[in-house]
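**Student:** Submitted below is the structure of interest, expressed as structure tokens.
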Amino acid sequence: QLSRRAGETHWVEERGGWLGEGDNRRLIGVIRSIESQKLRDAHLSWLAENDELTGVMNRAQMRVRLDQAIAGLSKADLSGAYLLVGIDDVGGINADFGFDVADEVIVECSRRLVAQLRDDDLVGRVAGTKFGVFLGDADSERVREVCVALLNAIRERVIETQKGSVAASISVGAVEAPRDADCAHVAMARAEAALDQAKRLGRSSWSSFSEKTDVMTMRRRNTHMSDVILTALNERRVRLAFQPIVADLDEPPKKFECLIRMRAEDGREVPAPEFIPAAERLGLVHLLDRRVLELAMNTLAACPNVKLNVNVSMETVKDPVWAEGYISAMRANTQLARRITVELTETQVIDAIDASIEFVAEIKKLGASFGIDDFGAGYTSFRNLKALDIDILKIDGSFVTGVSSSRENQLFVRTLLDLARNFGMKTVAEWVDNQADAMLLKGLGVDFLQGFLIGKPETNPAWLPDGAPDVSQRTPSRAAG
């Protein structure tokens, strides 16, 4: 390290040696700056423990620190608490304003949460829209005071964003430690149950964990969601939203990804994250997979110039009976199947590679294409990539958002593009939401773009014929999604 006059340091690498003998002996060397390398290494080291968007701890580091903190409480015979803070209705913010504004809301919520805590409290981003907070040496009264303070910090002042003011709120689930949670795993699970209870009370609420709440919450949630999903299927309120995928920004889209939506009994549109996890847990996701395929086939029949991407769950792929039923539905009309690309996420494929290979081989016999979604989030081997015979590789959106200003993401995207070309795959960049990212991605050689810049998912797109039979339950009186 070299020190500058201002007290700053600069990293350099020096190499040298002696040449010659006697009076002709000389010292020759090279000094080069390695400041950028050191900064990059430091950034990567920081990312291993911190969330890039908000700067607070990431989930992995929060779990480690939470385990240590709870152990410390037990040893000192003290009480504390773990709070799970969930931002309410971020899906609605995404739909109304876009991902950039949702990120601004998440960052500002993080700042306000930190401002309400003591220096020795811990805070981390443990999920996309959730923060974990640990309160050390806190009795029940302080837990209540902090929960109320956090709720007020978010709801009492709107959040100013680049697209205007956004009114946000949070819900909080609390669990006392070590009384009700003797380790991080238990604390996180029980705080999740308490957060579920808080959300049932309405926006901007908080709830504290109890053993009774935990069991009853799970039973009530399962029973309710099972009824909701099955009723929606029977009443044909499960429908599709179509998001365009284009090769060029100025071309009219002819390819779309089918995203599942559910219309609630009150007419509200329910986004997938609110019911898909429950469907997977309750063994109902097979029914949703088949319904999506049915709607997609109906759409293709009504729109001969359109191609569609559909997502299928690993539960369907792994189950021989349901997998065969899915394939048979495609086999019933191979002319339509040729215009379908079936997508599985990379992490799903890794978890059941043999079943995935067999399933993909069968759908490709029918002329359908196969795409890997969220690529880059897992660790697929070269051997498996070859065996899967992938047509489309969809680059995980976390590496696409802000790529024009991130050298690390640009390097990663270039690497994936080289990989795709060598395997003869086409590429899709997801989450493209601004012109700069789109232009850079096309310059790098990405084949297709998808994201809010191209178009938001719509349940009633203009290209869908009014007379299309049972496509997405068109309701002319309702606005497009």
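Each residue of the sequence shown is one higher than the last, beginning at 1012 in the numbering used here. Note that beta-carbon positions come from the ideal geometry of N, C-alpha and C, so glycine has one too.
(1) Between the Cα of Ile1181 and the Cα atoms of Arg1190, Ala1200 and Leu1161, which residue gives the shortest distance?
(2) Would you say Val1332 faces chain D, with C-beta separation under 8 Å as the test?
(3) One question on the structure: do Cys1158 and Val1125 come within less than 8 Å of each other, judged by their Cβ atoms?
(4) From Pro1263 to Asn1344, what does the alpha carbon distance come to, in whole angstroms?
(5) Three or more beta-carbon pairs under 8 Å between the region 1160-1176 and the region 1187-1203, yes or no?
(6) Taking only runs that begin and end inside the region 1246-1312, name each unbroken beta strand (DSSP E) of 3 or more residues, in chain order.
(7) If you reduce the DSSP assignment to three classes, tell me which class Trp1217 lands in.
(8) Could you check what DSSP says for Arg1026 in three-state terms: helix, strand or coil?
(9) How would you label Ile1104, buried or exposed, when you count the other beta carbons within 10 angstroms and need 16 or more for buried?
(10) According to DSSP, is Ala1343 part of a helix, a strand, or is it coil?
(11) Please identify the residue among Thr1140, Arg1211, Val1112 and Ser1218 whose C-alpha is closest to the C-alpha of Gly1175.
(12) Looking only at its chain, what residues have a beta carbon closer than 7 Å to the beta carbon of Phe1410, apart from the 5 residues adjacent to it on each side?
(13) Pull the bridge partners of Ala1138 from the DSSP assignment, please.
(14) Closest by CA to Ser1216, which one among Asp1099, Asp1448 and Gln1173?
(15) For the 8 Å Cβ check, are there 3 or more pairs between the region 1033-1045 and the region 1138-1156?
(16) Is the distance from the Cβ of Ala1198 to the Cβ of Ile1351 below 8 Å?
(17) Skipping 5 residues on each side, what residues in its chain have a beta carbon closer than 7 Å to that of Lys1141?
(18) Where does Met1325 sit, in a helix, a strand or coil, going by DSSP?
(19) Going by other Cβ atoms of all chains shown within 10 Å of its Cβ, with 16 needed for buried, is Asn1320 buried or exposed?
(20) May I have a chain-ordered list of the beta strand (DSSP E) segments no shorter than 3 residues that lie completely inside the region 1037-1076?
(21) How would you write the range of the beta strand (DSSP E) that Ser1180 sits in, first residue to last?
(22) Kindly list the residues whose CB is nearer than 8 Å to the CB of Ala1379, restricted to its own chain and excluding five residues on each side of it in sequence; keep chain order.
(23) Between which two residues does the alpha helix (DSSP H) holding Gln1173 run?
(24) Once DSSP output is grouped into helix, strand and coil, what is the label at Leu1319?
(25) Tell me the rounded alpha-carbon separation between Gly1028 and Leu1050.
(26) What are the uninterrupted segments assigned as alpha helix (DSSP H) that are 4 or more residues long and contained completely in the region 1389-1415, given in chain order?
(27) Taking 7 Å as the cut-off, is the CB of Gly1336 close to at least one heavy atom of the ligand GTP?
(28) Could you give the first and the last residue of the continuous beta strand (DSSP E) run that contains Gln1127?
(29) Using the DSSP secondary-structure output, state which residues sit across from Gly1384 in a beta bridge.
(30) Where does His1297 land, buried or exposed, given buried means 16+ other C-beta within 10 angstroms?
(31) Do you know whose CA, among Ala1059, Arg1418 and Asp1458, lies nearest Asp1429's CA?
(32) Would you list the residues sitting across from Glu1187 in a DSSP beta bridge?
(33) Apply the 10 Å Cβ neighbour rule to Ala1372 and answer buried if 16 or more other Cβ atoms are within range, or exposed otherwise.
(34) For Lys1397, which residues from the same chain have a beta carbon less than 8 Å from its beta carbon, with the 5 sequence-adjacent residues on both sides left out?
(35) Would you give the residue range spanned by the beta strand (DSSP E) that Lys1437 belongs to?
(36) Below 6 Å CB to CB, which residues in the same chain sit around Lys1266 once its five sequence neighbours on both sides are set aside?
**Tutor:** In short, the structure shows the following:
(1) Leu1161
(2) As a matter of chain content, chain D is missing from the structure shown, which is built from one protein chain.
(3) no
(4) 27 Å
(5) no
(6) 1249-1257, 1266-1274 and 1280-1282
(7) strand
(8) strand
(9) buried
(10) coil
(11) Val1112
(12) Gly1387, Asn1420, Phe1423 and Val1424
(13) Lys1141
(14) Asp1099
(15) no
(16) no
(17) Leu1095, Val1096 and Gly1097
(18) helix
(19) buried
(20) 1037-1044
(21) Counting along the chain, Ser1180 falls outside any beta strand (DSSP E), and DSSP gives it neither H nor E.
(22) Met1341, Ala1348, Arg1349, Ile1351, Thr1352 and Val1353
(23) Looking at the DSSP string, Gln1173 is not in any alpha helix (DSSP H), and its letter there is neither H nor E.
(24) strand
(25) 28 Å
(26) 1393-1399
(27) Ligands in the displayed structure: none, and consequently the ligand GTP is not present.
(28) Note, Gln1127: premise wrong, no beta strand (DSSP E); not H, not E.
(29) First, the residue type needs correcting, since residue 1384 is Asp and not Gly in the sequence shown. Thr1356, per the DSSP bridge assignment.
(30) buried
(31) Asp1458
(32) Ala1092
(33) exposed
(34) Phe1434
(35) Lys1437 to Ala1440
(36) Ile1256 and Lys1318
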